[in-house]
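*Asks:* The sequence shown begins at 1 in full-length UniProt numbering and counts up one residue at a time.
My structure is below; once you've seen it, I'll send some questions.
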Amino acid sequence: MHNASEKLAIIRLVEDSELSVRRTLVELKVSRSSFYRWYRAYERDGLEGLENHSRASRQHWNKIPESVRDQVVEIALDQTEMTPRELAWYITDTRDYFISESTVYRILKAHDLITSPQFMVMSAADSFQNPTHEVHELWQTDFTYFRIVGWGWYFLSTILDDFSRYIICWRLTTTMASSDVTDTLQDALEVTGLKQARVHHKPRLLSDNGPCYVSGELKRWLAEQQIEHTRGAPYHPMTQGKIERYHRSMKNVVKLENYYYPWELEKAITDWVQHYNHERYHESLDNVTPADVYHGRQAEIPDHRAIIKSRTMNQRK
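Shown next as structure tokens:
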């Protein structure tokens, strides 16, 4: 444990360092959560704020240990796109320690890491008249676009499984032609094994009414593959709310950077899809990830979490 003088010396080293704060703290082997806690205490109370005060008299049975609070801050600084709800389940699942959403929120609030109210706006687009009941019952597909500096516009074709929200596959293309749609669907059939397997029915396809989706070429290809095609009502995107929300979430992160080569953008999309499929907790999926639902793990997760919660509560006594 560092004393007040050592903490002040570390603060001065970080302030004077030519390296980034994160890199400097790595070199000093000091966690960012500890550093920022010291820094705020020093700004508020001076050197006295850096003194180590005994907390024994204020302990109670349900107190969150300081090490866990630091861990919450560290994870939040690394997973900046996660909400307190997502962080709570991420910590429970990956650190084997139960912590509630409200506790995560209070910890982040105390460290000035809550930048906006955690509201989720629900609209008519979130209502689905015919909800799916299993994986590969319905696939949603859509295009979105990116600009690569010096290269122009590139288009992203995505296949999303409606039931699990899992991203099955995607392609970055230079056009939005029907051939780009069929190529993406071909990839999806191959990666899922549905191209070779004997199945009762292929997934239905849901798209908008873009030119590439109403073309005769796509209609013929889908007929050959025995894939039923449903198109959303013109000017009414409610049926495609899931993939459109996915594209919005992705672009909010991916478009924070400039890309100068197509492979840079492909790498960013690959990383995002990995995060979305395996680390993004969906409230509509009972706070599990798309991969959990897609691979059939969602039924066992609540029981495992209940065990973790019980064990955590006993540890706090």
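Positions of the beta carbon are idealized from the N, C-alpha and C atoms, including for glycine.
If you're wondering where the values come from, they're calculated on a predicted model, not measured in any experiment.
#1: Thinking C-beta only, is Pro84 closer than 9 Å to Glu66?
#2: If you follow the beta strand (DSSP E) that Ile148 is in, where does it begin and where does it stop?
#3: How do the region 179 to 189 and the region 268 to 279 stand: do at least 3 beta-carbon pairs fall below 8 Å, yes or no?
#4: Once the 5 residues before and after Met120 are set aside, which same chain residues still bring their CB inside 7 Å of it?
#5: Excluding the 5 residues preceding and the 5 following His111 in the sequence, name in chain order all residues of the same chain whose CB lies nearer than 6 Å to its CB.
#6: Pull the bridge partners of Phe155 from the DSSP assignment, please.
#7: Alpha carbons only, please: which of Trp153, Val288 and His2 is nearest the one belonging to Ile91?
#8: Are the beta-carbon atoms of Glu86 and Arg311 separated by less than 9 Å?
#9: For His229, report the span of its beta strand (DSSP E) as first-last.
#10: What distance in whole Å lies between the Cβ atoms of Tyr145 and Trp151, which are believed to be in contact at a cut-off of 8 Å?
#11: Buried or exposed: Met313, going by 16 or more other Cβ atoms within 10 Å of its Cβ?
#12: Are the region 168 to 184 and the region 208 to 216 touching by the rule of at least three beta carbon pairs closer than 8 Å?
#13: Name the residue from Leu25, Lys251, Asp292 and Ile301 whose alpha carbon lies nearest to the alpha carbon of Asp161.
#14: What residue does the beta strand (DSSP E) around Tyr204 start on, and which one ends it?
#15: Tell me whether the beta-carbon of His165 lies closer than 9 Å to the beta-carbon of Lys242.
#16: The alpha helix (DSSP H) with Ala88 in it runs from where to where?
#17: Return the CA-CA distance between Gln228 and His133, expressed in angstroms with no decimal places.
#18: Quick check on the burial criterion: 16 or more other C-beta atoms within 10 angstroms. Buried or exposed for Met1?
#19: Classify Asp161 as helix, strand or coil using the three-state DSSP reduction.
#20: Put Ile10 into one of helix, strand or coil per three-state DSSP.
#21: Within the same chain, show all residues whose beta-carbon is closer than 6 Å to that of Thr182, passing over the 5 residues directly before and after it, in chain order.
#22: What would DSSP say about Ile308, mapped onto helix, strand or coil?
#23: So Phe35 is in the alpha helix (DSSP H); what residue range does that whole segment cover?
#24: Within the continuous alpha helix (DSSP H) that includes Ser67, where are the two ends?
#25: In whole angstroms, what is the alpha-carbon distance linking Asp70 and Ser34?
#26: By the DSSP assignment, the alpha helix (DSSP H) with Glu217 in it spans what residues?
#27: For the candidate residues Val14, Asp286, Val254 and Leu19, whose alpha-carbon lies nearest to that of Gln274?
*Replies:* Reading it off the structure:
#1: Against the sequence shown, residue 66 aligns to sequence position 66. Against the sequence shown, residue 84 aligns to sequence position 84. The answer is no: Cβ separation not under 9 Å.
#2: The count along the sequence shown starts at 1 and reaches residue 148 at position 148. Ile148 -> beta strand (DSSP E) spans Leu138 to Ile148.
#3: Judged by Cβ distances under 8 Å, the region 179 to 189 makes no contact with the region 268 to 279, as fewer than three pairs qualify.
#4: Reading the sequence shown from its first residue, position 120 is the one you call residue 120. Its pLDDT being 38, under 50, Met120 is placed unreliably by the model, and the measurement read from it follows with that caveat. For Met120, where only same-chain residues beyond five positions count, there are no Cβ hits under 7 Å.
#5: Indexing the sequence shown from 1 puts residue 111 at position 111. For His111, where only same-chain residues beyond five positions count, the Cβ hits under 6 Å are Val73.
#6: Walking along the sequence shown from the start, residue 155 turns up at place 155. Bridge partners of Phe155: Tyr145 and Thr173.
#7: Position 91 of the sequence shown, counted from the first residue, corresponds to residue 91. Here the closest residue by C-alpha is Val288.
#8: As a working mapping, residue 86 is identified with position 86 in the sequence shown. As a working mapping, residue 311 is identified with position 311 in the sequence shown. No; because the gap between Cβ atoms is not below 9 Å, this pair is not in contact.
#9: To locate residue 229, count along the sequence shown from 1; it is residue 229. Looking at the DSSP string, the run of the beta strand (DSSP E) that includes His229 is His229 to Arg231.
#10: Residue 151 sits at position 151 when you count from the first residue of the sequence shown. Residue 145 sits at position 145 when you count from the first residue of the sequence shown. A Cβ-Cβ distance of about 12 Å is found for the pair Trp151 and Tyr145, leaving them out of contact under the 8 Å criterion.
#11: As a working note, residue 313 is residue 313 in the sequence shown. Counting Cβ neighbours within 10 Å, Met313 comes out exposed, since fewer than 16 surround it.
#12: Taking a cut-off of 8 Å for Cβ pairs, the region 168 to 184 and the region 208 to 216 touch, as three or more such pairs fall below it.
#13: Residue mapping note: residue 161 aligns to position 161 of the sequence shown, counting from 1. Of the residues Leu25, Lys251, Asp292 and Ile301, the one whose Cα lies closest to the Cα of Asp161 is Asp292.
#14: Locating residue 204 in the sequence shown gives position 204, counting from the first residue. Here the sequence assigns Arg to residue 204, which means Tyr is not the residue at that position. It spans Arg204 to Ser207 - the beta strand (DSSP E) in which Arg204 sits, taken as one unbroken run.
#15: In the sequence shown, the residue the question calls residue 165 occupies position 165. In the sequence shown, the residue the question calls residue 242 occupies position 242. Note that residue 165 is Arg in the sequence shown here, rather than His. Contact flag set, yes.
#16: As a working note, residue 88 is residue 88 in the sequence shown. Note, Ala88: alpha helix (DSSP H), Pro84 to Arg95.
#17: Locating residue 228 in the sequence shown gives position 228, counting from the first residue. Locating residue 133 in the sequence shown gives position 133, counting from the first residue. A quick correction: the sequence has Glu, not Gln, at residue 228. Whole-angstrom Cα-Cα distance: 17 Å.
#18: Translated into the one-based positions of the sequence shown, residue 1 becomes position 1. So Met1 counts as exposed.
#19: Position 161 of the sequence shown holds residue 161. Strand.
#20: Residue mapping note: residue 10 aligns to position 10 of the sequence shown, counting from 1. Assigned with DSSP and collapsed to three states, Ile10 falls in helix.
#21: Position 182 of the sequence shown, counting from 1, holds the residue named residue 182. Same-chain partners within the cutoff: Trp221.
#22: The residue given as residue 308 occupies position 308 in the sequence shown. DSSP places Ile308 in helix when its eight states are reduced to three.
#23: Position 35 of the sequence shown, counted from the first residue, corresponds to residue 35. Counting along the chain, the alpha helix (DSSP H) containing Phe35 begins and ends at Arg32 to Asp45.
#24: Within the sequence shown, residue 67 is the residue found at index 67, counting from 1. First-last of the alpha helix (DSSP H) with Ser67: Glu66 to Asp78.
#25: The count along the sequence shown starts at 1 and reaches residue 70 at position 70. The count along the sequence shown starts at 1 and reaches residue 34 at position 34. In a straight line, the C-alpha of Asp70 is about 7 Å away from that of Ser34.
#26: Within the sequence shown, numbered from 1, the residue matching residue 217 stands at position 217. Unbroken alpha helix (DSSP H) run through Glu217: Gly216 to Gln225.
#27: Start at 1 with the first residue of the sequence shown, and residue 274 comes out as number 274. Taking only the C-alpha atoms, the option nearest Gln274 is Val254.
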